[in-house]
Amino acid sequence: MITKRIIPCLDVKDGRVVKGVQFVQLKDAGDPVELAKFYDEEGADELVFLDISASHEGRKTMIDVVERVAATLAIPFTVGGGINSLEDMKKILRAGADKVSINTSAVLNPSLIMEGADYFGSQCIVVAIDAKYDPQLGSHRVYTHGGRKATEWEVVAWAKEAVKRGAGEILLTSMDQDGEKSGFDIDLTKKVSEAVPVPVIASGGAGNAEHFLEVFRDARADAALAASIFHYKETSVKEVKRFLQKEGVNIR
Amino acid sequence: MIGVIDYGMGNLYSVSKALERMNAEYFVSSDLNELEKATAYILPGVGAFKDAMAILTETKTDKFLKDEVQKGKALLGICLGMQLLFNESEEHGWTEGLGFLNGQVKRIPGENVKVPHMGWNKLAFQRDHPLITGLQEDYVYFVHSYYAVVNDPDVVVASASYGVTVPAIVGSGNVFGCQFHPEKSGKLGLAILKNYLTFVSRM
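Those sequence lines, one after another, are chains A and B. Taking the UniProt record's numbering, the leading residue of the first sequence gets 1, the next gets one more, and so forth. Taking the UniProt record's numbering, the leading residue of the second sequence gets 1, the next gets one more, and so forth.
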């Protein structure tokens with residue numbers, strides 16, 4: 001059977017990994033390629049690079065990063081951030097990324113999902129969803145623009161719509177849990193995971209190895225993504241995997 | 001010299017880089033006159049079967065490959081490239097494939113599993129074969145929604161379990177295929193590619 005995946009996420013700005021990464025043993029802790037190699041050796045199943053460059057120049061640099069990572073790494077990786085058109089997708093995928101992740105652009109222009117899926121196949125198109133609980137809605141609401149803008153979409157409805165339009169995977173981030181390190185949002189993840197027939201990557205809230213166990217066992221997530229706990233060495237991919245294996249989770 | 005076939009639907013960059021890391025001699029081309037100089041081929045592929053076959057037919061690459069295989073040159077199909085080796089696929093309506101291997105490419109039944117089959121799954125070796133010589137069963141990276149239903153079980157070198165038994169490595173004579181991405185499958189994936197190079201060098 002297929003294994004549950006552990007996915008470190010790296011924020012890249014103008015070609016450099018940002019958000020204080022603490023890796024003293026690396027020659028250059030800000031170099032995406034060095035970090036990608038480190039996580040590969042640690043046993044990461046996949047990587048996500050989120051381009052948070054605001055400028056055109058920064059985006060061009062990202063292509064170079066993607067090429068360098070693809071030249072070095074023998075595991076798959078996804079690139080997200082600032083992908084607004086089929087043309088953007090082509091650039092990133094041709095540079096060697098395995099998947100692209102779209103978020104705001106998918107909500108604003110849902111036909112982009114199908115354009116990408118038709119051209120590259122669904123397996124290349126990840127729709128990232130930022131979700132926040134809305135008491136009035138009695139459910140989670142979808143946010144765009146890095147979590148700054150509320151949309152009309154309820155999260156399960158949007159996830160289903162995205163899959164109907166060709167999304168091959170959903171990257172689901174709980175804005176409520178993000179940065180809290182108190183565990184993934186189990187209810188949210190379970191709800192979405194059971195509603196769609198494609199893999200769901202849970203994101204937001206990872207604080208320790210047990211949180212990964214919970215999200216795989218209780219929320220049926222197919223993969224779990226984390227950033228700071230790996231970057232700050234609060235735990236390691238290796239440690240999390242060792243724990244999961246002991247708990248009987250199928251991992252690589 | 002490996003000829004990587006560029007027909008507009010492959011993750012050529014990753015395959016090329018993997019070959020480079022192994023110091024393999026290779027070139028990427030869509031020009032059949034160029035490609036003919038190769039001693040063996042890699043047919044990558046990402047996307048839909050129907051579109052891929054349409055391009056291969058239009059560019060006469062389908063006939064070219066049939067002739068080259070007939071001459072005894074080796075061919076390795078990766079992912080969609082492996083599926084194209086079979087008789088036909090039901091993806092987006094029945095489409096005829098290259099027909100090197102007997103079987104139909106069908107959608108993975110998604111009753112108990114999510115489709116696409118995406119992630120790391122363990123290979124189960126079925127028989128001895130040059131592609132897995134000296135290797136141990138381990139995990140490799142799959143991304144696909146369709147799988148080969150083989151008519152002749154002997155072509156299956158390795159399989160993976162995903163609701164159904166997914167042929168993961170197939171081989172018959174000088175034609176090979178990997179449903180997973182060896183170039184994205186860590187050490188085992190690269191070792192399988194290396195075995196292909198070794199096989200080719202001894203031909």
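Just so it is clear, CB atoms sit at the ideal spot from N, CA and C, and this is done for glycine as well. Model, not experiment: these values are computed from the prediction.
Requested in this report: Taking only heavy atoms of the ligand ADP into account, decide whether any of them is closer than 8 Å to the Cβ of residue 174 of chain B.
Outcome: Ligands are entirely absent from the displayed structure, and the ligand ADP is therefore not among its contents.
Query raised in the report: Residues of chain B with CB under 8 Å from residue 122 of chain A, in chain order?
Result: Contact note: residue 122 of chain A reaches chain B through 116, 145, using a C-beta cutoff of 8 Å and chain order.
Requested in this report: For residue 173 of chain A, I'd like the list of residues in its chain whose CB is within less than 6 Å of its CB, leaving aside the five on either flank, ordered along the chain.
Outcome: Excluding sequence neighbours, residue 173 of chain A sits near 130, 203, 204.
Report task. Count the other CB atoms, across all protein chains shown, that sit within 10 Å of the CB of residue 185 of chain B; report buried if there are 16 or more and exposed otherwise. Result -> Residue 185 of chain B is buried by the Cβ-count criterion.
Query raised in the report: Does any residue of chain B bring its CB to less than 9 Å from the CB of residue 63 of chain A?
Result: Not an interface residue.
Query raised in the report: residue 4 of chain A by DSSP, collapsed to three states: which one?
Result: Note: residue 4 of chain A maps to coil in three-state DSSP.
Requested in this report: Quick one: measure Cβ to Cβ for residue 193 of chain B and residue 182 of chain B, integer angstroms, because I've assumed they're closer than 8 Å.
Outcome: Yes, residue 193 of chain B and residue 182 of chain B are in contact; Cβ-Cβ is about 5 Å, under 8 Å.
Query - Inter-stretch contact at 8 Å, needing at least 3 Cβ pairs: the segment 29-46 of chain B / the segment 4-19 of chain B - result: Taking a cut-off of 8 Å for Cβ pairs, the segment 29-46 of chain B and the segment 4-19 of chain B touch, as three or more such pairs fall below it.
Query raised in the report: Is the segment 53-73 of chain B touching the segment 129-149 of chain B in the sense that three or more CB pairs, one from each, lie closer than 8 Å?
Result: No: fewer than three Cβ pairs fall under 8 Å.
Query - Under the three-state DSSP convention, the category residue 198 of chain B falls into - result: Helix, per DSSP.
Query raised in the report: Between residue 49 of chain A and residue 69 of chain A, is the Cβ-Cβ spacing less than 9 Å?
Result: When the beta-carbon positions are compared, residue 49 of chain A and residue 69 of chain A come within less than 9 Å of each other.
Query raised in the report: Does the Cβ-Cβ distance between residue 120 of chain B and residue 146 of chain B come in under 9 Å?
Result: Cβ distance not < 9 Å, so residue 120 of chain B and residue 146 of chain B don't count as in contact.
Query raised in the report: Considering only C-alpha positions, which residue in the set B:101, B:202, B:94 is nearest to residue 86 of chain B?
Result: Nearest option by C-alpha distance: B:101.
Query raised in the report: Rounded to a whole number of angstroms, what is the C-alpha to C-alpha distance between residue 122 of chain A and residue 155 of chain A?
Result: Whole-angstrom Cα-Cα distance: 20 Å.
Query - Range covered by the alpha helix (DSSP H) that runs through residue 82 of chain B - result: Boundaries of the alpha helix (DSSP H) around residue 82 of chain B: 80-83.
**Report entry** In chain order, each alpha helix (DSSP H) run of at least 4 residues that lies wholly inside the segment 108-147 of chain A
**Finding:** As far as the segment 108-147 of chain A is concerned, its whole alpha helix (DSSP H) runs of at least 4 residues are 111-120.
Query raised in the report: So, using beta-carbon positions, are residue 110 of chain A and residue 162 of chain A closer together than 9 Å?
Result: Their beta carbons are under 9 Å apart, which means residue 110 of chain A touches residue 162 of chain A by this criterion.
Report task. Check whether the Cβ of residue 198 of chain A lies closer than 9 Å to any Cβ atom in chain B. Result -> The beta carbon of residue 198 of chain A sits closer than 9 Å to some beta carbon of chain B.
Query raised in the report: Beta-carbon of residue 48 of chain B versus every beta-carbon of chain A: anything under 9 Å?
Result: Answer yes: the Cβ-Cβ gap between residue 48 of chain B and chain A drops below 9 Å somewhere.
Query raised in the report: residue 65 of chain B versus chain A: which residues are under 7 Å apart at the beta carbon?
Result: Residues of chain A passing the Cβ test: none, with the nearest at roughly 22 Å.
Requested in this report: Let me know the secondary structure DSSP gives residue 200 of chain A once reduced to three states.
Outcome: In the structure shown, residue 200 of chain A falls within a strand segment according to DSSP collapsed to helix, strand and coil.
Query raised in the report: For residue 186 of chain B, which of helix, strand or coil comes out of DSSP?
Result: DSSP places residue 186 of chain B in helix when its eight states are reduced to three.
**Report entry** Neighbour list for residue 5 of chain A in chain B, Cβ cutoff strictly below 8 Å
**Finding:** Chain B residues near residue 5 of chain A: 119, 120.
Report task. Determine, using beta-carbon pairs with one atom in the segment 70-84 of chain B and one in the segment 160-180 of chain B, whether at least three such pairs fall under 8 Å. Result -> Output reads yes: the segment 160-180 of chain B touches the segment 70-84 of chain B.
Query raised in the report: Does any CB atom of chain A fall closer than 9 Å to the CB of residue 183 of chain B?
Result: Residue 183 of chain B counts as touching chain A.
Query raised in the report: Would a check of beta-carbon distances place residue 20 of chain B closer than 9 Å to chain A?
Result: Residue contact check for residue 20 of chain B against chain A: a CB pair falls below 9 Å.
Report task. Under 7 Å Cβ to Cβ from residue 193 of chain A, same chain only, skipping five residues before and after it: list those, please. Result -> Hits under 7 Å: 200, 219, 220, 221.
Requested in this report: Check whether the Cβ atoms of residue 171 of chain A and residue 101 of chain A sit closer than 9 Å, and answer yes or no.
Outcome: Judged by their CB atoms, residue 171 of chain A and residue 101 of chain A are nearer to each other than the 9 Å cut-off.
Query raised in the report: What residues in its chain sit with their C-beta under 7 Å from that of residue 204 of chain B, if we drop five residues either side in the sequence?
Result: The question about residue 204 of chain B has no answer here: the residues shown for chain B are numbered 1 through 203.
Report task. Could you tell me which of A:208, A:250, A:106, A:230 sits nearest to residue 7 of chain A, measuring between CA atoms? Result -> Measuring from the Cα of residue 7 of chain A, the nearest candidate turns out to be A:230.
Query raised in the report: Interface residues of chain A around residue 106 of chain B at Cβ under 7 Å?
Result: Ordered by position in chain A, no residue passes the 7 Å Cβ test against residue 106 of chain B, which lies about 16 Å from the chain.
Query - CB contact below 9 Å: residue 96 of chain A versus chain B - result: For residue 96 of chain A, the nearest CB of chain B lies under 9 Å from its own CB, placing it at the interface with that chain.
Query raised in the report: With DSSP run on the structure shown, which of helix, strand or coil describes residue 90 of chain B?
Result: Here residue 90 of chain B sits in coil by DSSP.
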